[in-house]
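In order, the protein sequence lines correspond to chains P and E.
Take the first sequence: its letters are residues 772 to 1141, numbered as in this note's numbering.
Take the second sequence: its letters are residues 4 to 255, numbered as in this note's numbering.
Each residue gets a CB set at the ideal place from its N, CA and C atoms; glycine is no exception.
Here the structure is a predicted model, which is why all the values come from computation and not from measurement.
Just below is one structure, and these are the notes that go with it.
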Amino acid sequence: MSSAQIEIQLIGIVVAAACALPGVFLVLRGMAMMSDAISHTVLLGIVLGFLITGDLESPWLLFGAAAMGLLTVSLTELLNRTRLVKQDAAIGLVFPALFSIAVILISRFARGVHLDTDAVLLGELAFAPFDRLMLFGALLPRSLVVMSIILVINLLFILALYKELKLATFDAGLAAALGFSPALIHYGLMGMVSITAVGAFDAVGSILVVAFMVAPAAAAYLLTDKLERMLLYSVGLGALGAVGGYWMAHLMDANIAGSMATVIGLLFLLCLLFAPERGLLATAARRQRQRWEFAQTMLTIHLLHHEGTPEAGVENRLDHLHDHLRWEPAFAQGVVQRADERGLVRLENGSLHLTEAGRGLATTMLTEKR
Amino acid sequence: MDADKLAVQVADLTVAYQEKPVLWDVDLDVPQGVLMAIVGPNGAGKTTMLKAILGLLTPAAGHVSIFGKPYQQQRSLVGYVPQRGSVDWDFPTSVLDVVMMGNYGKLGWVRRPGAADRRAAQSALEKVGMADYADRQISQLSGGQQQRTFLARALMQDAQVYFMDEPFQGVDATTERAIVDLLKELRAQGKTVLAVHHDLQTVPEYFDWVMLLNVRRIASGPVNEVFTDENLRAAYGGRVGFLNKRQDHEPA
Chain P
772 MSSAQIEIQL
782 IGIVVAAACA
792 LPGVFLVLRG
802 MAMMSDAISH
812 TVLLGIVLGF
822 LITGDLESPW
832 LLFGAAAMGL
842 LTVSLTELLN
852 RTRLVKQDAA
862 IGLVFPALFS
872 IAVILISRFA
882 RGVHLDTDAV
892 LLGELAFAPF
902 DRLMLFGALL
912 PRSLVVMSII
922 LVINLLFILA
932 LYKELKLATF
942 DAGLAAALGF
952 SPALIHYGLM
962 GMVSITAVGA
972 FDAVGSILVV
982 AFMVAPAAAA
992 YLLTDKLERM
1002 LLYSVGLGAL
1012 GAVGGYWMAH
1022 LMDANIAGSM
1032 ATVIGLLFLL
1042 CLLFAPERGL
1052 LATAARRQRQ
1062 RWEFAQTMLT
1072 IHLLHHEGTP
1082 EAGVENRLDH
1092 LHDHLRWEPA
1102 FAQGVVQRAD
1112 ERGLVRLENG
1122 SLHLTEAGRG
1132 LATTMLTEKR
Chain E
4 MDADKLAVQV
14 ADLTVAYQEK
24 PVLWDVDLDV
34 PQGVLMAIVG
44 PNGAGKTTML
54 KAILGLLTPA
64 AGHVSIFGKP
74 YQQQRSLVGY
84 VPQRGSVDWD
94 FPTSVLDVVM
104 MGNYGKLGWV
114 RRPGAADRRA
124 AQSALEKVGM
134 ADYADRQISQ
144 LSGGQQQRTF
154 LARALMQDAQ
164 VYFMDEPFQG
174 VDATTERAIV
184 DLLKELRAQG
194 KTVLAVHHDL
204 QTVPEYFDWV
214 MLLNVRRIAS
224 GPVNEVFTDE
234 NLRAAYGGRV
244 GFLNKRQDHE
254 PA
């Protein structure tokens, strides 16, 4: 691997980690689309910052962009609070408006500057190693430095306010009652999303910012029940997507950011299918098992009902389950076989009898309090 | 009444959503050490009143004091049990973790809960009969268990006044019993509880004070004084099937 290749992958990993951290809280708050909005509207902050300072490297651009992110959030909330527009529609109204103002400003006043709209959407990671700055006597890729600083800021923010973020996300009412202003925490988080989006979009573009914020968090949500682990898994999955995406782009000679977003999407799909407890396959298997178990319980209750009654001889015949419980013969056969294996029933001359265990199960199920 | 002795004092509380009043000039004095049910028909403003008292929404007028001082100065004395349905029970966390949230107010910003908080949370869970569920994922709880988890969290707050929004909503008989016992224990310790309640039948059995609310305050005071047919009719209009049943058993 050349050093440029290593650097591109490192940038990808750092961006993925920096995005995944706030992404977890966005996903848990049901605000994933806000990352889409913010990662576009920060462009307006950058353009305005550039027009005022005349310098594309000025740190004020970062502040302008972060402020624009927060403006996006508050405009969305303002619209939403009129109760005439729902949250998702409000996002859909605010962000194209701000984004298109930025596009107009670029085309009118900033043509010829390195601020073209293609780069905004998809970035160009392949060129990231060429843009370098001196730090601690070493010439490092600018994106790597900027994103590492942002990653550290995000880490510190989450480490310091972990319990506040958790409380305000789970129960905003209690947070407010205890004096932890949910609005303050909300805007802190949105500020974090904005700064991350600004730092990342130069290197990877806004589409990948959204992919890095949402997909790893949504996948991690399927893998664990613990918030700490969800944060760790998100970072890990994001990093995996970055490295995997780089090599996919390398093999296919494709756009790097697009490939990374694709691989992250595929990772999410894998989790959706194969997650141990919440995945689609696990859910289907559980449903199937519950169906068989429920049928066996039904069988024991049916047998218990008619036990010792004159019609028991008819009701409890294997070939009559079809009529009485409206079971397909094959299904009835399967249920009886499984109940037999579990020691719930005995089959004697085509007639079914409850065992002690079967009678026990039926009685508990009938008397169990809800 | 002496204002210092009053656990909760609400004066002229008015809350409006877009100029439509949902609470109209409500006054309420609650002495220390009572269990007060807040009853009234749907849309009477019961939850709104709790939220306004706790500063979760801004009233159009009025003020609230807890033991003589504004709520903002008395947060540590107040425990809050929101409606069970107000949170996402699929949130990735454990029962013990949710209970520990009750202590976050005392910890303040940035400080993390430690071993002592874990022990306190564990003992709060024991008090609501949930000791074995500490490490359970909250998405696996039944409705009654969710409610008990919330109550354990409120116990962690170690407050003087508790505000509970429908603590009996959709719980099983065992949980209902456990909650009643807990309320009586709180009262025995001199704590004050205000609970939004729906089942009129159980008001005299579970509570000793009651407030009847329907946008306005209809009445409030000891159950045997204000829980009368007349006040119930005023609060619920003609729609109290409960009244007819009650007359069969204990003619007023």
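Nearest-angstrom Cα distance between residue 913 of chain P and residue 780 of chain P?
-> Against the first sequence, residue 913 of chain P aligns to sequence position 142. Against the first sequence, residue 780 of chain P aligns to sequence position 9. Per the coordinates, the alpha-carbon of residue 913 of chain P lies some 14 Å from the alpha-carbon of residue 780 of chain P.
Measuring only between beta-carbons, confirm whether residue 125 of chain E sits less than 8 Å from chain P.
-> To locate residue 125 of chain E, count along the second sequence from 1; it is residue 122. By this cut-off, residue 125 of chain E is not an interface position.
For the stretch 102-114 of chain E and the stretch 180-194 of chain E, state whether three or more C-beta atom pairs, one from each stretch, are separated by less than 8 Å.
-> Cβ pair count under 8 Å is below three, so no.
Output the residue ranges of the alpha helix (DSSP H) runs that lie fully inside the stretch 101-126 of chain E and measure 4 residues or longer, sorted by chain position.
-> 107-110
Just to confirm, are residue 197 of chain E and residue 166 of chain E a CB contact at a threshold of 8 Å?
-> Walking along the second sequence from the start, residue 197 of chain E turns up at place 194. Walking along the second sequence from the start, residue 166 of chain E turns up at place 163. In this structure, residue 197 of chain E places its C-beta atom within 8 Å of the C-beta atom of residue 166 of chain E.
Where does residue 1033 of chain P fall in DSSP's three states?
-> On the first sequence, residue 1033 of chain P is found 262 positions in, with the first residue counted as 1. Residue state, collapsed to three classes: helix.
Which residues of chain E have a Cβ atom closer than 8 Å to the Cβ of residue 1011 of chain P, listed in chain order?
-> Indexing the first sequence from 1 puts residue 1011 of chain P at position 240. Neighbours of residue 1011 of chain P on chain E: none; closest Cβ ~20 Å, over 8 Å.
Identify which residue in E/79, E/18, E/208, E/39 has its Cα closest to the Cα of residue 60 of chain E.
-> The count along the second sequence starts at 1 and reaches residue 60 of chain E at position 57. Nearest Cα to residue 60 of chain E within the set E/79, E/18, E/208, E/39: E/18.
Pull up the DSSP beta-bridge partners for residue 236 of chain E, would you.
-> Position 233 of the second sequence, counted from the first residue, corresponds to residue 236 of chain E. None; residue 236 of chain E has no bridge partner.
Should residue 1002 of chain P be labelled buried (16 or more other beta-carbon atoms within 10 Å of its own) or exposed?
-> Residue mapping note: residue 1002 of chain P aligns to position 231 of the first sequence, counting from 1. With 16 or more other Cβ atoms within 10 Å, it is buried.
For residue 159 of chain E, the nearest candidate out of E/173, E/129, E/141 (CA to CA) | Within the second sequence, the letter at position 156 stands for residue 159 of chain E. The shortest C-alpha separation from residue 159 of chain E is found at E/129.
Give the DSSP bridge partners of residue 805 of chain P, in chain order.
-> The sequence position of residue 805 of chain P within the first sequence is 34, counting from 1. DSSP lists no partner for residue 805 of chain P.
Min CB distance residue 992 of chain P to chain E below 8 Å | What you label residue 992 of chain P is simply residue 221 of the first sequence in a count that begins at 1. Yes, contact with chain E.
Take residue 918 of chain P as the anchor and find which of P/1116, P/1122, P/1105, P/789 has the nearest alpha-carbon.
-> Sequence index remark: in the first sequence, residue 918 of chain P carries index 147 (1-based). Nearest of P/1116, P/1122, P/1105, P/789 to residue 918 of chain P, Cα basis: P/789.
From the DSSP output, read off the bridge partner residues of residue 97 of chain E.
-> Taking the first residue of the second sequence as 1, we reach residue 97 of chain E at position 94. Its beta-bridge partners are E/140.
Own chain, CB closer than 7 Å to residue 1086 of chain P, minus 5 neighbours either side, in chain order = Numbered from its first residue, the first sequence carries residue 1086 of chain P at position 315. Cβ within range, chain order: 1077, 1095.
Cα-Cα separation between residue 837 of chain P and residue 827 of chain P, rounded to whole angstroms | Translated into the one-based positions of the first sequence, residue 837 of chain P becomes position 66. Translated into the one-based positions of the first sequence, residue 827 of chain P becomes position 56. Looking at the two C-alpha atoms, the distance is approximately 15 Å.
Residue 958 of chain P - partner residues in DSSP beta bridges | For this step, residue 958 of chain P is matched to residue 187 along the first sequence. According to the DSSP secondary-structure assignment, residue 958 of chain P is paired through a beta bridge with no residue.
Can you give me the start and stop residues for the beta strand (DSSP E) that residue 145 of chain E sits inside?
-> Taking the second sequence and counting its residues from 1, the one referred to as residue 145 of chain E is at position 142. That residue, residue 145 of chain E, is in no beta strand (DSSP E); it is neither H nor E in DSSP.
Along chain P, which residues have their Cβ under 8 Å away from the Cβ of residue 77 of chain E?
-> Residue 77 of chain E sits at position 74 when you count from the first residue of the second sequence. Within 8 Å Cβ-Cβ: nothing; residue 77 of chain E doesn't reach chain P, min ~11 Å.
Could one say the Cβ of residue 115 of chain E lies closer than 8 Å to chain P's Cβ atoms, at least one of them?
-> On the second sequence, residue 115 of chain E is found 112 positions in, with the first residue counted as 1. So yes, residue 115 of chain E belongs to the interface.
Shorter than 8 Å from the beta carbon of residue 959 of chain P to some beta carbon of chain E?
-> The count along the first sequence starts at 1 and reaches residue 959 of chain P at position 188. Chain E, which has no Cβ nearer than 8 Å to the Cβ of residue 959 of chain P, makes this no.
Delimiting residues of the beta strand (DSSP E) encompassing residue 1113 of chain P = Walking along the first sequence from the start, residue 1113 of chain P turns up at place 342. Segment: none, residue 1113 of chain P is in no beta strand (DSSP E) and carries neither H nor E.
For residue 969 of chain P and residue 1067 of chain P, the rounded distance between their alpha carbons | To locate residue 1067 of chain P, count along the first sequence from 1; it is residue 296. To locate residue 969 of chain P, count along the first sequence from 1; it is residue 198. Distance between the alpha carbons of residue 1067 of chain P and residue 969 of chain P is about 59 Å.
Identify which residue in E/92, E/100, E/39 has its Cα closest to the Cα of residue 935 of chain P.
-> By 1-based counting over the first sequence, the position of residue 935 of chain P is 164. Taking only the C-alpha atoms, the option nearest residue 935 of chain P is E/100.
Mind the definition here: the stretch 37-46 of chain E touches the stretch 208-219 of chain E only if three or more C-beta pairs lie below 8 Å; say whether that holds.
-> yes
Answer with buried or exposed for residue 854 of chain P, where buried requires no fewer than 16 other C-beta atoms within 10 angstroms of its C-beta.
-> Here residue 854 of chain P refers to the residue found at position 83 of the first sequence. Exposed, by the Cβ-count rule.
Span of the alpha helix (DSSP H), counted from its first residue to its last, around residue 936 of chain P | Counting from 1 along the first sequence, the entry for residue 936 of chain P is found at position 165. It spans 933-941 - the alpha helix (DSSP H) in which residue 936 of chain P sits, taken as one unbroken run.
Is residue 1119 of chain P helix, strand or coil when you go by DSSP?
-> Working through the first sequence from its first residue, we reach residue 1119 of chain P at position 348. Of the three classes helix, strand and coil, the one that applies to residue 1119 of chain P here is strand, per DSSP.
From what residue to what residue does the beta strand (DSSP E) around residue 1097 of chain P run?
-> Working through the first sequence from its first residue, we reach residue 1097 of chain P at position 326. Counting along the chain, residue 1097 of chain P falls outside any beta strand (DSSP E), and DSSP gives it neither H nor E.
Spell out the partners DSSP gives residue 198 of chain E in its beta bridges.
-> Within the second sequence, residue 198 of chain E is the residue found at index 195, counting from 1. Bridge partners of residue 198 of chain E according to DSSP: E/40, E/167.
Identity of the residues DSSP links to residue 72 of chain E by a beta bridge | For the purposes of this step, residue 72 of chain E is identified with residue 69 of the second sequence, where counting begins at 1. Per DSSP, the beta bridge partners of residue 72 of chain E are E/69.
Residue 1039 of chain P at chain E interface by Cβ criterion, 8 Å | Against the first sequence, residue 1039 of chain P aligns to sequence position 268. No, no contact with chain E.
Assuming residue 1072 of chain P and residue 1136 of chain P form a contact by the criterion Cβ under 8 Å, report the distance between their Cβ atoms to the nearest whole angstrom.
-> Taking the first sequence and counting its residues from 1, one reaches residue 1072 of chain P at position 301. Taking the first sequence and counting its residues from 1, one reaches residue 1136 of chain P at position 365. So it is a contact: roughly 6 Å between Cβ atoms.
So which residues of chain E does residue 1001 of chain P contact, with C-beta pairs closer than 9 Å?
-> Counting from one through the first sequence, the residue named residue 1001 of chain P turns up at place 230. What residue 1001 of chain P touches in chain E: 95.
Give a yes or no on whether the minimum CB-CB distance between residue 849 of chain P and chain B is below 8 Å.
-> Within the model displayed, chain B is absent; protein chains P and E are what it includes.
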